[in-house]
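J.: Numbering (the UniProt record's numbering), first residue to last: 1 to 380. I'd like to ask you about the structure that follows.
Written as structure tokens, this is what we have:
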């Protein structure tokens with residue numbers, strides 16, 4: 001994952017838009033966006049859930065203070081950005097409700113703000129930013145476990161989260177199969193945040209990481225979770241609880257947001273110039289049909305290296321009627337998947353082809369008919 005982040009940094013080397021100072025470098029521009037850019041800011045914890053507790057403060061209050069300062073900078077300087085808070089006061093919001101708010105708002109970005117903690121007598125300082133994925137180390141898994149344990153404050157958590165146990169490593173297997181279509185954008189945003197924390201905020205850079213956070217799992221936009229620092233380290237707790245410290249961190253996040261937004265405006269502008277000469281409107285895009293080979297079902301989640309998967313690569317899963325169904329060989333080319341099915345059948349004799357449209361399973365016969373019609377149209 002570290003290599004992946006480094007490659008993304010190389011890919012996005014562009015002229016520096018922002019200065020590294022503690023001042024606001026520039027204002028948002030709104031000429032490109034057809035609608036307001038919707039930013040959902042999620043101050044972690046709240047109400048009966050204090051989050052991590054330090055010697056002089058509670059995480060929920062640090063998170064809210066920085067989140068409100070960040071949001072105020074956006075409101076003041078970015079008139080084309082609509083800011084939505086999952087909470088703006090000290091109230092409790094369930095984990096899945098936070099993602100639901102972002103999805104209902106059709107948000108363009110989701111930023112969840114938290115403060116880290118370690119067990120007593122462990123002293124460490126530094127800020128980190130996280131994206132959705134499978135934790136590749138025990139340390140990363142522990143961060144996710146701590147944040148996901150918020151679900152225990154919810155009365156119906158067993159029903160809401162389908163038996164997910166934040167303290168069980170086995171529950172996190174599901175994140176191994178998640179295909180996050182916004183991963184590249186999320187990692188880019190996370191990298192920008194860390195650049196600002198190191199430069200503008202003069203904090204120790206603990207890097208960009210992945211882990212299975214429930215608050216990010218169901219968001220349908222680029223999403224990150226920020227750990228501002230360690231409340232368990234008194235020096236860092238003192239910094240984060242001062243107005244100057246909170247303002248510094250808020251400015252760092254703001255600068256990163258601004259860079260990300262301006263980069264995407266430049267891309268949109270370039271695309272607009274390429275298409276401005278077109279006079280006839282194009283038909284609405286239809287979701288692409290994807291064919292896959294289904295080879296296994298199970299009543300429980302299996303890791304990709306499980307003996308029952310028999311070493312197959314590119315394994316994905318979907319859940320239907322409470323059953324986990326495992327697939328591989330995803331492609332829009334039916335002929336290619338047909339060849340894959342024959343290969344997989346040497347290990348799983350009952351393997352068959354399924355089709356999906358917009359992430360939902362569809363009738364295989366209809367999918368094949370549409371594929372053949374498109375193929376015939378191309379050859380004419």
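Glycine residues also receive a C-beta, built at the ideal position from the N, C-alpha and C atoms.
Going along the chain, which residues of its own chain have a beta-carbon closer than 8 Å to the beta-carbon of residue 59, five neighbours each way excluded?
T.: The residues are 44, 45, 50, 51, 52, 53, 114, 115, 117, 231.
J.: Buried or exposed: which applies to residue 168, given that a residue is buried once 16 or more other Cβ atoms fall within 10 Å of its Cβ?
T.: With fewer than 16 Cβ atoms within 10 Å of its Cβ, residue 168 is classed as exposed.
J.: What's the C-alpha gap between residue 206 and residue 378?
T.: C-alpha separation (whole angstroms): 51 Å.
J.: Okay, do the segment 93-102 and the segment 207-219 touch, 3+ Cβ pairs below 8 Å being the bar?
T.: Taking 8 Å as the limit for Cβ pairs, the verdict is that the segment 207-219 does touch the segment 93-102.
J.: Runs of 4 residues minimum, wholly inside the segment 72-111: which ones carry the alpha helix (DSSP H) assignment?
T.: If we require 4 residues or more, the alpha helix (DSSP H) runs fully inside the segment 72-111 come out as 95-104.
J.: When we look at the beta-carbon of residue 70 and count the other beta-carbons within 10 Å, is it buried (16 or more) or exposed?
T.: Classification for residue 70: buried.
J.: Using the three-state DSSP reduction, which class does residue 301 fall into: helix, strand or coil?
T.: The answer is coil: DSSP assigns residue 301 none of H, G, I, E or B.
J.: Run through the DSSP bridge pairs and tell me what residue 293 is partnered with.
T.: Per DSSP, 328, 353.
J.: Below 7 Å CB to CB, which residues in the same chain sit around residue 264 once its five sequence neighbours on both sides are set aside?
T.: Around residue 264: no qualifying Cβ.
J.: With a CB to CB cut of under 6 Å and the five nearest residues on each side skipped, what residues in its chain are close to residue 345?
T.: Excluding sequence neighbours, residue 345 sits near 351.
J.: Going along the chain, which residues of its own chain have a beta-carbon closer than 8 Å to the beta-carbon of residue 308, five neighbours each way excluded?
T.: Correct list, in chain order: 296, 298, 302.
J.: Could you tell me whether the Cβ atoms of residue 235 and residue 66 are closer together than 7 Å?
T.: It is not a contact, given that the beta carbons lie outside the stated cut-off.
J.: For the alpha helix (DSSP H) that residue 344 lies in, which residues bound it at each end?
T.: Per DSSP, residue 344 belongs to the alpha helix (DSSP H) from 334-344.
J.: Around the C-beta of residue 156, are 16 or more other C-beta atoms found within 10 angstroms, so that it is buried, or is it exposed?
T.: Residue 156 comes out exposed.
J.: Quick check on DSSP: helix, strand or coil for residue 116?
T.: In the structure shown, residue 116 sits in a strand (DSSP, three-state: E or B).
J.: Applying the 10 Å Cβ sphere with the 16-neighbour rule, what's the burial state of residue 321?
T.: Classification of residue 321: exposed, given that the 10 Å Cβ count is below 16.
J.: Closest to residue 249 by C-alpha separation, out of 228, 259, 358, would be which residue?
T.: For the residues 228, 259, 358, the minimum Cα distance to residue 249 belongs to 228.
J.: Under 7 Å between the Cβ atoms of residue 254 and residue 189?
T.: Going by C-beta atoms, residue 254 is not nearer than 7 Å to residue 189.
J.: Considering residue 239, what are the terminal residues of the alpha helix (DSSP H) in which it resides?
T.: Residue 239 -> alpha helix (DSSP H) spans 234-241.
J.: Output yes or no for whether 7 Å exceeds the beta carbon distance between residue 318 and residue 310.
T.: Against a cut-off of 7 Å, the Cβ pair of residue 310 and residue 318 comes out as no contact.
J.: Roughly how many angstroms separate the alpha carbons of residue 200 and residue 106, rounded to a whole number?
T.: Distance between the alpha carbons of residue 200 and residue 106 is about 30 Å.
J.: Just to confirm my understanding: we take residue 183, look at its own chain, exclude 5 residues before and 5 after, and list those with CB closer than 8 Å. What are they?
T.: Only 131, 132, 133 meet the Cβ criterion.
J.: Residue 58 bridges to which residues according to DSSP?
T.: Residue 58 is bridged to 53.
J.: Less than 7 Å between CB atoms is the rule here; does residue 262 satisfy it with respect to chain B?
T.: As a matter of chain content, chain B is missing from the structure shown, which is built from one protein chain.
J.: Contact check, residue 222 vs residue 191 under 8 Å by CB: the rounded distance?
T.: The pair is not a contact, with the Cβ atoms about 12 Å apart (cut-off 8 Å).
J.: Report the three-state DSSP secondary structure of residue 210 (helix, strand or coil).
T.: In this structure, residue 210 counts as strand in the three-state DSSP scheme.
J.: For residue 37, which of 109, 57, 87 has the nearest alpha-carbon?
T.: The candidate whose alpha carbon is nearest that of residue 37 is 109.
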